[in-house]
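The sequence shown runs 3 to 542 under this note's numbering.
Heads up: the structure comes next, in structure tokens.
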Amino acid sequence: MRLPPHPAFDLLRFADGQPGPARRWLVRLLLALKRPGEARDVARALLAGKRVRARDKAAILWGGRHALVPPPIAPGDPEAVPGLRVATPDEIHEGTAALAAIVVLTAPGHRLVPGAATAIAEAFAADPGLGALYGDAAVLGAGGEPRLPMLRPAFDPDYLLAADYVGPVVAFRRTALDRLGLDSSLPGAEAADLLLRLAAEDPSAVRHLPRLLSTWSPAAASPPEGWASSRRTLAERHLAGAGRVEAAGSLLTLRRDLPAPPLASLVIPTRDRVELLRACIESIRAHTDWPSLEIIVCDNDSRHPRTFAYLQRLAGEGVRVLPCPGPFNFAAMNNRAAAEARGRLLVFVNNDVVAHQSDWLRRMAEEALRPEVGAVGAKLLDVRERIQHGGIVLGTGGLVTHAHRHFPGTAPGYLASLRVTHRVSAVTAACLAVEAQKFRAVGGFDEAAFAVDFNDVDLCLRLDAAGYRTLMVPGAVLHHHEAASRRWNPEARLRHEAEVAALRARWGARLAADPWYHPGFDPRAGTYERLRPYAEAPLR
């Protein structure tokens, strides 16, 4: 859909530039002719009746795209509910709104759908500790037809500071509104400011109801004058002078000061494939602006003379080379290096990762060194310049999936999530930063249960259970030639199946409901690609 140029609509740019059906099929045909082997893989899977595999193969060949149709909107006007009042911030400031027990903040161009007021009132009645509630929205076209869905994740202060993914339609308990008040100096950002202050007191007081509550008509009204400056002021207040705010339209990056950057220990497991290791280390040396760095290479029984020569050269240049003999155990190798690392910050990097932007580590460190943050991940691109990793989503693809996989590397992501820092359930250990003391406090990687696969997911979930949140930092961008150094055999497949069973046994409940990914997305498709009819989900 064609959106107004106002920066408030930057969240909706995920739908920009998508080709129409005719052009899309032409592009698919051309790619199939260019890559006939991959096209045959898709055809074989379809002929064999393996639809999920066919979709996966098709995504590899043609890339990811959004095919999102909003849920239907019930006809009629919003219902009146005793004790609930809908009002704009101006009406509240001017005293023209008779406040009720529940106040739904709104703004021009936004409107509750039938059934929303009842659902909001029921949610507050069922949870006395609930202070604020937001839901999902449908974006309407110029003719009033539903065009785009806004399916939001659970409440995430980092995401809200960077991009207003919640919007102006938020229900507050009147006691919370009276106690904290609306800040009239932040036109257009009053709801976000109030949510952040309320969550700072009690994170569980702000909840998300995964159902359609409102519509948004961008053509009907623009946000108030000063909206963009209000958003920036809000972010600057949060930094409290300990950093700066970088803006790209309405999307903000909070850059945090690091007066004395600590020693960072980069841990790189490897086995032969010296060309991968050399490219990794040389790129890190050429494209890392961190002032204090040590590199630790964990060598798992390399045999090639060229590898020995290169490792010997590295040792002479100050790189620590740790022999890690025995069966390949990715988690154990990283744990051993972490135990000997001198750095305050641990950075786990696969030997098939290549750096090309000098600020990648600084951007990750700014987040990982925060007291409340555990693991931090980077945006990784594959050899075709497409998204390889944009965070890890639980419960999709049968188990876990990398968010936005196979989307273009320049894609903004759903609700700008490939451009702003936000919370995720897990990040890949192909490039993961975490403070050493936090890593050691939770026992590091579980090398017994997850020798090769899912050790990163398990680590992030244990950090989460210990009170640390996991962040995806899209501003840190590297390339990852995934699995370029791994080989599958029957023994590896048996080990993988055992690790799948272990992950399900330990984290089954979390795998069933990822709070940072909406239940309305189809788990059988690639992430953010397609919606499904979903039952009304509980608050989260």
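Even for Gly, the Cβ is constructed at its ideal location relative to N, Cα and C.
Nearest-angstrom Cα separation, counted from residue j out to residue i
{"i": "residue 260", "j": "residue 169", "result": "32 Å"}
{"i": "residue 328", "j": "residue 349", "result": "23 Å"}
{"i": "residue 542", "j": "residue 394", "result": "19 Å"}
{"i": "residue 458", "j": "residue 99", "result": "50 Å"}
{"i": "residue 65", "j": "residue 402", "result": "19 Å"}
{"i": "residue 6", "j": "residue 16", "result": "14 Å"}
{"i": "residue 45", "j": "residue 341", "result": "49 Å"}
{"i": "residue 275", "j": "residue 310", "result": "11 Å"}
{"i": "residue 38", "j": "residue 238", "result": "52 Å"}
{"i": "residue 111", "j": "residue 145", "result": "13 Å"}
{"i": "residue 282", "j": "residue 133", "result": "49 Å"}
{"i": "residue 185", "j": "residue 192", "result": "6 Å"}
{"i": "residue 379", "j": "residue 461", "result": "13 Å"}
{"i": "residue 513", "j": "residue 505", "result": "9 Å"}
{"i": "residue 486", "j": "residue 526", "result": "For residue 486, the pLDDT reaches just 49, beneath the cut-off of 50, and the residue's location in the model is therefore unreliable, although a value from the coordinates is still provided. One C-alpha to the other measures close to 26 Å."}
{"i": "residue 386", "j": "residue 469", "result": "37 Å"}
{"i": "residue 227", "j": "residue 109", "result": "13 Å"}
{"i": "residue 8", "j": "residue 18", "result": "14 Å"}
{"i": "residue 321", "j": "residue 299", "result": "7 Å"}
{"i": "residue 143", "j": "residue 113", "result": "14 Å"}
{"i": "residue 466", "j": "residue 307", "result": "43 Å"}
{"i": "residue 434", "j": "residue 78", "result": "50 Å"}
{"i": "residue 314", "j": "residue 304", "result": "12 Å"}
{"i": "residue 436", "j": "residue 370", "result": "6 Å"}
{"i": "residue 89", "j": "residue 102", "result": "10 Å"}
{"i": "residue 450", "j": "residue 507", "result": "14 Å"}
{"i": "residue 412", "j": "residue 430", "result": "20 Å"}
{"i": "residue 147", "j": "residue 11", "result": "17 Å"}
For residue i, the nearest candidate out of the options (CA to CA)
{"i": "residue 230", "options": "220, 223, 213, 253", "result": "253"}
{"i": "residue 86", "options": "172, 341, 530, 149", "result": "172"}
{"i": "residue 312", "options": "341, 427, 278", "result": "278"}
{"i": "residue 344", "options": "391, 296, 319, 79", "result": "296"}
{"i": "residue 410", "options": "498, 430, 111, 388", "result": "388"}
{"i": "residue 477", "options": "8, 303, 358", "result": "358"}
{"i": "residue 286", "options": "301, 270, 300", "result": "270"}
{"i": "residue 432", "options": "451, 443, 384", "result": "384"}
{"i": "residue 288", "options": "307, 129, 335, 362", "result": "362"}
{"i": "residue 126", "options": "318, 211, 272", "result": "211"}
{"i": "residue 163", "options": "418, 53, 463", "result": "418"}
{"i": "residue 177", "options": "131, 167, 68, 198", "result": "131"}
{"i": "residue 381", "options": "250, 404, 333, 70", "result": "404"}
{"i": "residue 398", "options": "508, 522, 319", "result": "522"}
{"i": "residue 280", "options": "536, 352, 255, 251", "result": "352"}
{"i": "residue 179", "options": "25, 264, 91", "result": "91"}
Expected contact under 8 Å - CB spacing of residue i and residue j to nearest Å
{"i": "residue 400", "j": "residue 61", "result": "The Cβ separation is near 15 Å, so there is no contact."}
{"i": "residue 214", "j": "residue 104", "result": "That pair is no contact at about 18 Å."}
{"i": "residue 135", "j": "residue 209", "result": "6 Å"}
{"i": "residue 376", "j": "residue 471", "result": "6 Å"}
{"i": "residue 479", "j": "residue 165", "result": "Their Cβ separation, rounded to whole angstroms, is 18 Å, which puts residue 479 and residue 165 out of contact at 8 Å."}
{"i": "residue 200", "j": "residue 207", "result": "5 Å"}
{"i": "residue 80", "j": "residue 139", "result": "At roughly 14 Å, the Cβ-Cβ gap does not stay under 8 Å, so residue 80 and residue 139 are not in contact."}
{"i": "residue 324", "j": "residue 338", "result": "6 Å"}
{"i": "residue 174", "j": "residue 333", "result": "Not really, about 45 Å apart at Cβ, beyond 8 Å."}
{"i": "residue 292", "j": "residue 365", "result": "With a Cβ gap of about 11 Å, residue 292 and residue 365 do not count as contacting."}
Same chain only: Cβ atoms within 8 Å of residue i, ignoring 5 sequence neighbours per side
{"i": "residue 438", "result": "267, 340, 343, 345, 346, 347, 348"}
{"i": "residue 205", "result": "157"}
{"i": "residue 242", "result": "none"}
{"i": "residue 129", "result": "209, 541"}
{"i": "residue 68", "result": "16, 17, 20, 416, 530, 531"}
Residues near residue i by beta carbon distance below 7 Å, same chain, minus five either side
{"i": "residue 257", "result": "245, 246, 248, 368"}
{"i": "residue 540", "result": "none"}
{"i": "residue 141", "result": "14, 149, 150, 152, 218, 220"}
{"i": "residue 232", "result": "188, 189, 190, 191"}
{"i": "residue 56", "result": "44, 47, 48"}
{"i": "residue 223", "result": "110, 111"}
{"i": "residue 335", "result": "271, 300, 302, 326"}
{"i": "residue 41", "result": "34, 63"}
{"i": "residue 182", "result": "196, 199, 200"}
{"i": "residue 408", "result": "61, 62, 65, 66, 388, 389, 528"}
Spatial neighbours of residue i in its chain, beta-carbon cut-off 6 Å, leaving aside the 5 residues before and after
{"i": "residue 330", "result": "302"}
{"i": "residue 155", "result": "518"}
{"i": "residue 455", "result": "498, 501"}
{"i": "residue 70", "result": "151, 533"}
{"i": "residue 73", "result": "214"}
Minimum Cβ-Cβ distance from residue i to chain C less than 8 Å
{"i": "residue 523", "result": "No chain C appears in the structure shown, which is made up of a single protein chain."}
Review point. Do the segment 504-518 and the segment 418-434 meet, that is, are 3 or more Cβ pairs less than 8 Å apart?
Key: yes
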